[in-house]
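Peer 1: Residue numbers (the working numbering): 2 to 346.
Got a structure here, written out as structure tokens. Questions coming.
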Amino acid sequence: MSTIIRRTVPAIIVAATMMFAVAGCVAGENSQASVGDEGADGTQDWSTDKLSIDFATYNPLSLVVKQQGLLEDALGKSVTVEWVQSTGSNKANELLRSGSIDVGSTAGSAALLARANGSPIQVIDIYSQPEWSAIVVPKDSDIASVADLAGKSVAATAGTDPYFFLLQTLETEGLTIDDVEVQNLQHADGRAALEAGSVDAWAGLDPIMGAAEIESGDTLIYRNVDFNSYGFLNATEDFITAHADVAQVVVDAYEDARSWSLDHPDETADLLAQVADIDPDVAKTVIQERSNLDVSGVPGDTQLAVLKKIAPVLVSSDAVQGGEPAISDALDTIVNDTFAQKASR
2 MSTIIRRTVP
12 AIIVAATMMF
22 AVAGCVAGEN
32 SQASVGDEGA
42 DGTQDWSTDK
52 LSIDFATYNP
62 LSLVVKQQGL
72 LEDALGKSVT
82 VEWVQSTGSN
92 KANELLRSGS
102 IDVGSTAGSA
112 ALLARANGSP
122 IQVIDIYSQP
132 EWSAIVVPKD
142 SDIASVADLA
152 GKSVAATAGT
162 DPYFFLLQTL
172 ETEGLTIDDV
182 EVQNLQHADG
192 RAALEAGSVD
202 AWAGLDPIMG
212 AAEIESGDTL
222 IYRNVDFNSY
232 GFLNATEDFI
242 TAHADVAQVV
252 VDAYEDARSW
262 SLDHPDETAD
272 LLAQVADIDP
282 DVAKTVIQER
292 SNLDVSGVPG
302 DTQLAVLKKI
312 APVLVSSDAV
322 QGGEPAISDA
332 LDTIVNDTFA
342 QKASR
């Protein structure tokens, strides 16, 4: 694996300091210390002494931020950064809702569903425009098309983009979720079930899906980039309100990681291979062919347009407890572009 050079990010601290000083803002509306203040021991004063944030193999930028210590460098010794791995959007949403993490990575569709069902989260940055979902069948399977899925068993992780990808895919052939037998399995378990013959198909997720292609010869029978929602970096509203200074540092670090990743695609793929324990060639496919990191980090109309297409599918599947009014309210309130607008590439 190529050596990844650790980047220091004093510019993040300087930019954050100047930004809040000019705006006359304090470090979070309810905090005591202003951004840029130093304690008696010369350390930076922040509005909290702990940040809990996730990393995920489906979010390559999170791996860069973690590996290079960008948050630790920016926040210094006065803030403890706690890293928690998310194995899927559903798990990240569980962690956010329980308060176990302040910031977490999900697909846009999963974030929308969580907010519609009462989870107080907002998207503060876009980490990728991925093609991370597809319908996968084993090598030599008799299933060759979406229509062939009728009456078959399909592994999918409820509450994640692959599950919503499956719903949309079935609609292309006039099918519904009732026309297949869904096995609700976490992503890695879905692949294992496919390999064992316990299910006929799998709504896959990269990088596990890429590994299934190369290592097992599994086939992607249906792909549609438009059915994949963007990668959302979400934060709880409590964290956004009380710790805006630290939220800004997180988004700044993500934008720094984005710039580094675009300049170092091979090293980014090597890092993914190491963390996900997959073949380097699989990781390169995921990073270079299925993960568009060169997108604006500012959430807004582009992402909402995708979510508006997915929203009726969520409502019709009875996934939204409050129906159409709840999904409409979520669409109106899920975006918080404050931090990404201020961050620089």
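For every residue, glycine included, the Cβ atom is placed at its ideal position computed from N, Cα and C.
Given the structure is predicted, the values throughout are model-derived calculations rather than measurements.
Could you tell me the boundaries of the beta strand (DSSP E) in which D126 lies?
Peer 2: Here the question's residue 126 lines up with position 125 in the sequence shown. Run containing D126: I122 to P131, per the beta strand (DSSP E) assignment.
Peer 1: Where does Q322 land, buried or exposed, given buried means 16+ other C-beta within 10 angstroms?
Peer 2: As a first step, residue 322 must be located in the sequence shown, where it is residue number 321. Counting Cβ neighbours within 10 Å, Q322 comes out exposed, since fewer than 16 surround it.
Peer 1: Measure the C-alpha to C-alpha separation of C331 and E73 and round it to an integer number of angstroms.
Peer 2: The count along the sequence shown starts at 1 and reaches residue 331 at position 330. The count along the sequence shown starts at 1 and reaches residue 73 at position 72. Per the sequence shown, residue 331 should be read as Ala rather than Cys. If you take the alpha carbons of A331 and E73, they lie about 33 Å apart.
Peer 1: Between the Cα of P275 and the Cα atoms of D179, L64 and K51, which residue gives the shortest distance?
Peer 2: Numbered from its first residue, the sequence shown carries residue 275 at position 274. Position check: residue 275 holds Gln in this sequence, whereas Pro was assumed. Looking at the Cα atoms, L64 is the closest of the given residues.
Peer 1: Exposed or buried, V155, counting other C-beta atoms within 10 Å across all chains shown (16 or more means buried)?
Peer 2: Residue 155 sits at position 154 when you count from the first residue of the sequence shown. Buried: at least 16 other Cβ atoms inside 10 Å.
Peer 1: Shortest alpha-carbon distance to K140 belongs to which of D190, D201 and W133?
Peer 2: Here the question's residue 140 lines up with position 139 in the sequence shown. Cα-wise, what sits closest to K140 is D201.
Peer 1: Are the region 75-91 and the region 284-296 in contact at 8 Å, needing three or more beta carbon pairs?
Peer 2: In short, these stretches do not touch, since the Cβ pair count stays below three.
Peer 1: CA-CA distance, A327 and S101?
Peer 2: Locating residue 327 in the sequence shown gives position 326, where the first residue counts as 1. Locating residue 101 in the sequence shown gives position 100, where the first residue counts as 1. Computed Cα separation, rounded: 25 Å.
Peer 1: Could you tell me whether the Cβ atoms of K310 and D227 are closer together than 9 Å?
Peer 2: Looking up residue 310 in the sequence shown gives position 309. Looking up residue 227 in the sequence shown gives position 226. Yes, these two residues count as a Cβ contact at 9 Å.
Peer 1: Using a threshold of 9 Å, state whether the C-beta atoms of Y231 and V296 are closer than that.
Peer 2: By 1-based counting over the sequence shown, the position of residue 231 is 230. By 1-based counting over the sequence shown, the position of residue 296 is 295. Yes; because the gap between Cβ atoms is below 9 Å, this pair is in contact.
Peer 1: What number of angstroms, rounded off, separates the C-alpha of D267 from the C-alpha of L206?
Peer 2: Taking the sequence shown and counting its residues from 1, the one referred to as residue 267 is at position 266. Taking the sequence shown and counting its residues from 1, the one referred to as residue 206 is at position 205. Rounded to whole angstroms, D267 to L206 spans 21 Å at the Cα level.
Peer 1: Do I102 and the ligand HEM come close, with the Cβ less than 8 Å from some heavy atom?
Peer 2: With respect to small molecules bound, the structure shown includes none, and the ligand HEM cannot be examined in it.
Peer 1: Could you round the C-beta distance between D126 and G298 to whole angstroms and report it? I think they count as a contact, below 8 Å.
Peer 2: Position 125 of the sequence shown holds residue 126. Position 297 of the sequence shown holds residue 298. Confirmed, Cβ separation roughly 5 Å.
Peer 1: Tell me, please, whether the CB atom of A159 is closer than 9 Å to any CB atom in chain D?
Peer 2: Absent from the structure: chain D. Only one protein chain is present.
Peer 1: Please report how far the alpha carbon of E325 lies from the alpha carbon of V316, in whole angstroms.
Peer 2: Here residue 325 is taken as the residue at index 324 of the sequence shown, counted from 1. Here residue 316 is taken as the residue at index 315 of the sequence shown, counted from 1. One C-alpha to the other measures close to 6 Å.
Peer 1: If I'm right that I54 touches N235 with Cβ under 8 Å, what's the distance once you round it to whole angstroms?
Peer 2: Indexing the sequence shown from 1 puts residue 54 at position 53. Indexing the sequence shown from 1 puts residue 235 at position 234. At roughly 11 Å, the Cβ-Cβ gap does not stay under 8 Å, so I54 and N235 are not in contact.
Peer 1: Within the continuous alpha helix (DSSP H) that includes G109, where are the two ends?
Peer 2: For the purposes of this step, residue 109 is identified with residue 108 of the sequence shown, where counting begins at 1. Run containing G109: G109 to A117, per the alpha helix (DSSP H) assignment.
Peer 1: Contact between the region 239-256 and the region 179-197: three or more CB pairs below 8 Å?
Peer 2: With the cut-off at 8 Å, the region 239-256 and the region 179-197 do not touch.
Peer 1: Out of T339, K153, P131 and Y128, which one is the CA nearest neighbour of V138?
Peer 2: The sequence position of residue 138 within the sequence shown is 137, counting from 1. Looking at the Cα atoms, K153 is the closest of the given residues.
Peer 1: So, G89 versus Y59, is the Cβ gap smaller than 9 Å?
Peer 2: To locate residue 89, count along the sequence shown from 1; it is residue 88. To locate residue 59, count along the sequence shown from 1; it is residue 58. In this structure, Y59 lies closer than 9 Å to G89 by Cβ.
Peer 1: What separation, rounded to the nearest whole angstrom, lies between the Cα atoms of S142 and V250?
Peer 2: Counting from one through the sequence shown, the residue named residue 142 turns up at place 141. Counting from one through the sequence shown, the residue named residue 250 turns up at place 249. Whole-angstrom Cα-Cα distance: 48 Å.
Peer 1: Helix, strand or coil for M2, going by three-state DSSP, please let me know.
Peer 2: Taking the sequence shown and counting its residues from 1, one reaches residue 2 at position 1. Since pLDDT at M2 reaches only 38, below the 50 mark, its modelled position is unreliable, and the value read off the structure follows with that caveat. Of the three classes helix, strand and coil, the one that applies to M2 here is coil, per DSSP.
Peer 1: Please report the residue range of the alpha helix (DSSP H) in which I241 lies.
Peer 2: The sequence position of residue 241 within the sequence shown is 240, counting from 1. I241 -> alpha helix (DSSP H) spans E238 to A243.
Peer 1: Would you list, in sequence order, the uninterrupted alpha helix (DSSP H) runs of no fewer than 4 residues that lie entirely inside the region 177-226?
Peer 2: Counting whole runs of 4 or more residues, the region 177-226 contains the alpha helix (DSSP H) stretches 188-197 and 209-217.
Peer 1: Starting from T49, follow the alpha helix (DSSP H) in both directions and report where the run begins and ends.
Peer 2: Against the sequence shown, residue 49 aligns to sequence position 48. Taken as a continuous stretch (DSSP letters only), T49 belongs to no alpha helix (DSSP H), as it is neither H nor E.
Peer 1: Name, in chain order, the residues that DSSP records as bridge partners for G105.
Peer 2: Your numbering for residue 105 matches position 104 in the sequence shown. Bridge partners of G105: N235.
Peer 1: In whole angstroms, give me the CA-to-CA distance for N94 and T269.
Peer 2: Position 93 of the sequence shown, counted from the start, is the residue given in the question as residue 94. Position 268 of the sequence shown, counted from the start, is the residue given in the question as residue 269. Roughly 25 Å between the two C-alpha positions.
Peer 1: Which residues in the same chain have their Cβ closer than 8 Å to the Cβ of D280, if we skip the five residues on either side of it in sequence?
Peer 2: Here residue 280 refers to the residue found at position 279 when the sequence shown is read from its first residue. Counting only Cβ-Cβ distances below 8 Å, and skipping sequence neighbours, we find A212, I215, E216 and A274.
Peer 1: Does the region 237-249 come within contact of the region 172-179, defined as at least 3 CB pairs closer than 8 Å?
Peer 2: No, because fewer than three Cβ pairs between the region 237-249 and the region 172-179 fall closer than 8 Å, the two stretches do not touch.
Peer 1: Return helix, strand or coil for D149, following the three-state DSSP convention.
Peer 2: On the sequence shown, residue 149 is found 148 positions in, with the first residue counted as 1. Looking at D149 - three-state DSSP - the assignment turns out to be helix.
Peer 1: Can you check which of these residues, S262, D319 and I222, is closest to I144 by C-alpha distance?
Peer 2: Taking the sequence shown and counting its residues from 1, one reaches residue 144 at position 143. Of the candidates S262, D319 and I222, the one whose C-alpha sits nearest the C-alpha of I144 is I222.
Peer 1: Short check: CB of L113 to CB of L308, under 9 Å?
Peer 2: As a first step, residue 113 must be located in the sequence shown, where it is residue number 112. As a first step, residue 308 must be located in the sequence shown, where it is residue number 307. Their beta carbons are under 9 Å apart, which means L113 touches L308 by this criterion.
Peer 1: Which of the three DSSP states is assigned to V251 in this structure?
Peer 2: Sequence index remark: in the sequence shown, residue 251 carries index 250 (1-based). Looking at V251 - three-state DSSP - the assignment turns out to be helix.
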